[in-house]
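Protein chains in written order, with my numbering: chain E, 1 to 113; chain B, 1 to 788. Written below as structure tokens is the structure these notes are about.
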Amino acid sequence: MKNSIFFLVLFLGTLLVSKFLPWWTIAPIAGVLTYSIKAKPAAGFFISLVAVFLAWLISIYIIDNGTVASLMGKLFQVSAFITPLVAALLGGLLTGLFGLSGALLAPKNKNWA
Amino acid sequence: MRKIFGLITLLTGLFMVYFLSTPQRISGKPIPPLGKLLNPYSGAWQNVDKVEDYTDFELKSEQITDEVKIVFDDRMVPHIFAQNLKDALFAQGYVEAYHRLFQMDLSTRSPSGTLSEVLGPNLLDYDKKQRRLGLSYAADNAVKGWAKFPEELKNIDAYTAGVNHYISSLSVADYPLEYKLLDFTPSEWTNRHSALLLKAMTQTLAGYEEDIEMGNALRILGEKDFNSIYPDRNVKDIPVTEGPYTKRITQNATELIRTNLPSIVRPRSPDGVGSNNWAISGSKSATGKPILANDPHLGLSLPSVWYEIAITTPEFSAQGVTLLGMPGIMIGFNQNIAWGETNVGHDVSDYHTIEWTDASKTAYMLDDKIVQATLKIETYTVKGEKESYDTVRYTHWGPVVEDETNLALRWIAHDEAPTPDFMAFVNGMQCDNYDDYLTATEDFYAPAQNFIYADNNDEIGLRINGALPIKKYRQGVTVSSGNKTSDGWLGIIPRDENPQERNPSRGYVSSANQYSATQEYPYYYNGNFEPYRGRTVHKYLTEKDTIDVTYVKMMQNSTFSMLAKEALSVMLPLLDSTNALHAYAKGLKRWDFNYDANSLNPVRFDKWFTAFHQMLWDEIYTLQANIALPNPDVWVTVNLIEKETNSTFYDIKSTPYVETLKYLINTSFMQIKDDTISPLSEEKNAQILHLTRLPAFSKTDIHVGGTKHSLNAMQQTFGPSWRMIVALGDIPEAYGTYPGGQSGNPASPFYSNKIAVWAKGEYDRLILSRTPESISKSLFTISITNEK
């Protein structure tokens, strides 16, 4: 339950606030969240990663009509198809790292462990 | 343990933020800041340009006095409707930045020598060369001169304010893609940026320089051979203007200085930059009214050097193309008139020897007196490295381009124009008769251009506008002495005496970078002139009595090579019978001399002629490995073999035998006999590169014919950058095409959409719209209102 709420907050939060804040801000936010809710390290990492990965990926699919994906593909000499995935994975991994740190640094709570 | 692990992951995360926010180098390759570039909210994805998302929007500015509407038609051409000129120019600045900000930024960084600031240390050497040529100094001089015309300056101020209005409206997410990729931010636009663009244009078009190479050649060859191989003038040329001119008493010739110097390598455009224009009078036109055509040939790039625009105020309505960063319309038409330009090749760049008083090179001799040089310290901010410095010595003549060579550069680009030269294209677009147009354009200073004109009152005309130095006979052919102030130019040719023609009896005016005037022209004229296109224009225009738009389109797209025709008429008959029966020779005999994209003949001719030309001028080409010498012109070869069956030049100096013309022709033919070649377009491999040369943003494999000597002067990366035809009348019937697109954004459908039409030799119809309502298909409208 807690993890689902955390996921939703992070996912929606990314969609809502990223437009107004520097691109990396969502990562420390995830860290603060996992710290506050004392998430398990594995959950802190994976939920942060998946929430931001999906938020970024969906955002990219909404924003782009394939032109930028194709341009970035040509630029990095990879298939146009994978550029949104790589972008989303960057965001996801970064947020995952902060999510993991938050969880690891939080004082242990038996109930939630 | 858990906390330590947590700290490690936290530090890794922080490092990752840093790593993804800054440009990196991985095994020598530059990597953009990936997080900044690839995040969905401010990264590259935000640069997508979807037609279905276009909506009208409004702006407010205290810089304008009345409401301005900018309607983008279905080709993304902005039509500006303003109540006065300054408001219109504000809007012009705004839309140019709106579509081409990165281009405007980068193309001013080239002349200002600040490319390394954003592109890194690889460009530092280029930047230093640009500053040593004095381009930044030249822009400072221009701005100083402009300040003397406060009333005119308000126009350029309005343009600048428009550019800045756009820049200040940008958030990081809105930055053009290239800024995100190269990780820098747009900076404020100033009038100096416009001056820099004018200087960049002068460098491209009037940067021709062979003084050292010619001086070396004179020393090696002696006067007689030198004059034969490098004559001033092609006797077969048909000059732009016929006069009548009256020759003045010839002044004493300058004694040419012989040199033994290495080339000064300076960034300049390769051979092939040039243009065509012609205007036919009503008497020769199918419509009964004049038709004007202009196609400037420049380095092709994405985004294109040109931007299409239309400007309407209650006084006038004009349309055409603008050079980004300069207010006004450079090549275009209005309700009554049409105009355009081609380049003038008169030599406006001379090197003068400097005699330093000592090794510190801080003072030099001039008029037998010691004169202090001005030492200018140039500072370079280099991306990813520490600042770099360079001291440039300025003399009476101009900057010393290379300290080792002890030559100072006298270049028209450095002059503070005595006129508000930036107004030529602002004033020109508003005229409705030739007298006004002549007045409007006489202030233009450099680079000198053949300004062509036609109107619906059946006037046609052409005048060179620009500063042409007065020189002694043969002055500036080689390096000039710098010992006396009297070694310099004698002044500037009075504008009234610049070569010009008005309604000549032949019924047309034309120019294609050939000589400007006949031999009788009162002033000495030398430089870099095109030998074949000018005559080709004349051939087409005299061949037909009545000319229509279709014929003019054919001319602009013609790939006919007069060089090939003239050279083969000598070369083919001299082939030995065994060679002459060869399939290649048979093909060339049937060839119509057109450089068609799919043809093999032009490729074979080029290979044969190049081999022949190099064998013929072995006395030059064999020495070029050790000493800087100019390449002999191809027309010199053609004129020689047409006239002389025997010449000492035919002998190959390195053999004990005496070779003949026939021997050279047959031997050079053997070199192509069994060659495997591809059709012209594949050999040519035409490409239009993005300004950063990134392949992802460039277009390659462009299927086109043409050669630098045909009217369609298409080479690999140079060619017709804009083709315009205007048939004047009550309503002008105009056509235009260029290899690019209106938007500079590689993610826009309007980035390179016009290339296909251009490559096929087709045109868009340009429709002059007097009111916003008359634009039937529009993409969106920007309204600008006064803030108060």
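The beta-carbon is built from N, C-alpha and C at its ideal position, and this holds for glycine as well. Please read all numbers here as calculations on a predicted model, not as lab measurements.
So, with DSSP's three-state summary, where would you put residue i?
| i | result |
| --- | --- |
| GLN614 (chain B) | helix |
| ALA113 (chain E) | Interpretation of ALA113 (chain E) is limited by its pLDDT of 40, a score under 50 that renders its predicted location unreliable; the figure taken from the coordinates is listed afterwards. Correct three-state label for ALA113 (chain E): coil. |
| MET562 (chain B) | helix |
| MET23 (chain E) | Checking the sequence, you will find Trp at residue 23 (chain E) rather than Met. Residue state, collapsed to three classes: coil. |
| ASN457 (chain B) | coil |
| ASN277 (chain B) | strand |
| ASP390 (chain B) | strand |
| SER569 (chain B) | helix |
| SER317 (chain B) | strand |
| GLY587 (chain B) | helix |
| PHE72 (chain B) | strand |
| LYS29 (chain B) | strand |
| ILE29 (chain E) | helix |
| LYS2 (chain E) | helix |
| TYR245 (chain B) | coil |
| ASN667 (chain B) | Contrary to the premise, residue 667 (chain B) reads as Thr rather than Asn in this sequence. Helix, per DSSP. |
At a CB-CB cut-off below 8 Å, which residues of chain B make contact with residue i?
| i | result |
| --- | --- |
| PHE9 (chain E) | Per the sequence presented here, residue 9 (chain E) reads as Val, with Phe not at that position. Here the premise fails: no neighbours, minimum Cβ distance about 18 Å. |
| SER59 (chain E) | PRO40, TYR41 and TRP45 |
| ILE63 (chain E) | PRO40, TRP45, GLN46 and VAL48 |
Between which residues of its own chain and residue i is the CB-CB distance below 6 Å, once the five residues before and five after are set aside?
| i | result |
| --- | --- |
| ALA80 (chain E) | ALA69, SER70 and GLY73 |
| ASN216 (chain B) | THR259, ILE627, ALA628 and LEU629 |
| GLY761 (chain B) | ASN557 |
| ARG502 (chain B) | GLY461 |
| ASP406 (chain B) | The identity of residue 406 (chain B) in the sequence shown is Asn, whereas the question assumes Asp. Hits under 6 Å: ILE354. |
Compare the Cα-Cα distances from residue i to each of the options and report the closest residue.
| i | options | result |
| --- | --- | --- |
| ALA195 (chain B) | B:LYS144, B:ILE354 and B:THR254 | B:LYS144 |
| ALA286 (chain B) | B:ALA91, B:VAL549, B:ALA686 and B:ASN433 | B:VAL549 |
| MET365 (chain B) | B:TRP339, B:ILE470 and B:TRP397 | B:TRP397 |
| GLY99 (chain E) | E:TYR61, E:LYS40 and E:THR34 | E:THR34 |
| LEU135 (chain B) | B:ARG723, B:ARG266 and B:PHE226 | B:ARG266 |
| ASP64 (chain B) | B:HIS346, B:THR660, B:ASN626 and B:ASP157 | The sequence as given places Ile at residue 64 (chain B); Asp does not occur at that position. Minimum Cα distance to ILE64 (chain B) is reached at B:ASP157. |
| PHE815 (chain B) | B:ARG75, B:PHE102 and B:THR160 | This structure cannot settle anything about residue 815 (chain B), because the visible part of chain B is limited to 1 through 788. |
| MET724 (chain B) | B:PHE649, B:MET330 and B:THR717 | B:MET330 |
| ASP73 (chain B) | B:GLU308, B:TYR663 and B:VAL48 | B:GLU308 |
| THR546 (chain B) | B:PRO522, B:ASN666, B:PRO290 and B:THR676 | B:PRO290 |
| ALA97 (chain B) | B:GLU117, B:GLY162 and B:TYR126 | B:GLY162 |
| ILE641 (chain B) | B:GLU619, B:ILE677, B:LEU563 and B:ILE672 | B:LEU563 |
| LEU75 (chain E) | B:ASP237, B:LEU694, B:ALA359 and B:GLY43 | B:LEU694 |
In its own chain, which residues sit with a C-beta less than 7 Å from the C-beta of residue i, not counting the 5 before and 5 after it?
| i | result |
| --- | --- |
| PHE29 (chain E) | The identity of residue 29 (chain E) in the sequence shown is Ile, whereas the question assumes Phe. The residues are GLY13. |
| ASN579 (chain B) | ALA585, ASN666 and PHE669 |
| LYS791 (chain B) | An answer regarding residue 791 (chain B) cannot be provided, because it is not within the stretch 1 to 788 covered by chain B. |
Output, in chain order, the set of chain E residues within a Cβ distance shorter than 7 Å of residue i.
| i | result |
| --- | --- |
| PHE5 (chain B) | LEU104 |
| GLY790 (chain B) | The requested residue 790 (chain B) does not occur in the structure, where chain B is confined to residues 1 to 788. |
| LYS36 (chain B) | TRP23 |
What residues from chain B crowd round residue i, counting only those whose CB sits closer than 7 Å?
| i | result |
| --- | --- |
| GLY91 (chain E) | ASN39 |
| LEU71 (chain E) | ALA696, PRO746 and ALA747 |
| THR67 (chain E) | VAL48 and ALA747 |
| LYS19 (chain E) | TYR41 |
| ALA80 (chain E) | Under the 7 Å cutoff, chain B gives no residues; its nearest Cβ is about 11 Å from ALA80 (chain E). |
For a contact defined as C-beta to C-beta under 9 Å, what are the partners of residue i on chain E?
| i | result |
| --- | --- |
| SER21 (chain B) | PRO22, TRP23 and TRP24 |
| HIS304 (chain B) | Reading off the sequence, residue 304 (chain B) comes out as Ser, not His. Within chain E, no residue comes near SER304 (chain B); the closest Cβ sits about 18 Å away, beyond 9 Å. |
| LEU10 (chain B) | GLY31, LEU97, PHE98, LEU100, SER101, GLY102, LEU104 and LEU105 |
| ARG2 (chain B) | PRO41, LEU104, LEU105 and LYS108 |
In its own chain, which residues sit with a C-beta less than 8 Å from the C-beta of residue i, not counting the 5 before and 5 after it?
| i | result |
| --- | --- |
| ASP390 (chain B) | LYS128, ARG131, ARG132, ILE377, GLU378 and TYR380 |
| VAL17 (chain B) | GLY35 |
| ARG474 (chain B) | ASP232, ALA253, THR254, LEU256, TYR524 and ASN526 |
| GLU58 (chain B) | ILE782, SER783, ILE784 and THR785 |
Taking Cβ-Cβ distances shorter than 8 Å, what residues in chain E pair up with residue i?
| i | result |
| --- | --- |
| MET16 (chain B) | LEU93, LEU94 and LEU97 |
| ALA44 (chain B) | VAL68, LEU71 and MET72 |
| ARG765 (chain B) | Here the premise fails: no neighbours, minimum Cβ distance about 28 Å. |
Problem - Ordered list of alpha helix (DSSP H) runs contained in the region 415–471 of chain B, each at least 4 residues - result: Counting only runs of 4 or more, we get 424–428 and 434–441.
Exercise for the section: List in chain order: all unbroken beta strand (DSSP E) runs of 3+ residues lying wholly within the region 45–73 of chain E. Expected result: Runs found: none.
Handout entry: Segments of 4+ residues assigned as alpha helix (DSSP H) that fall wholly inside the region 127–166 of chain B
Key = Counting whole runs of 4 or more residues, the region 127–166 of chain B contains the alpha helix (DSSP H) stretches 135–146.
Practice task
Tell me the start and end of each unbroken beta strand (DSSP E) in the region 616–642 of chain B that is at least 3 residues and wholly inside, in chain order.
Solution key: Look at the region 616–642 of chain B and you find no whole run of beta strand (DSSP E) that is 3 residues long or longer.
Problem - Whole runs of the alpha helix (DSSP H) within the region 352–416 of chain B, excluding any shorter than 4 residues - result: Counting only runs of 4 or more, we get nothing.
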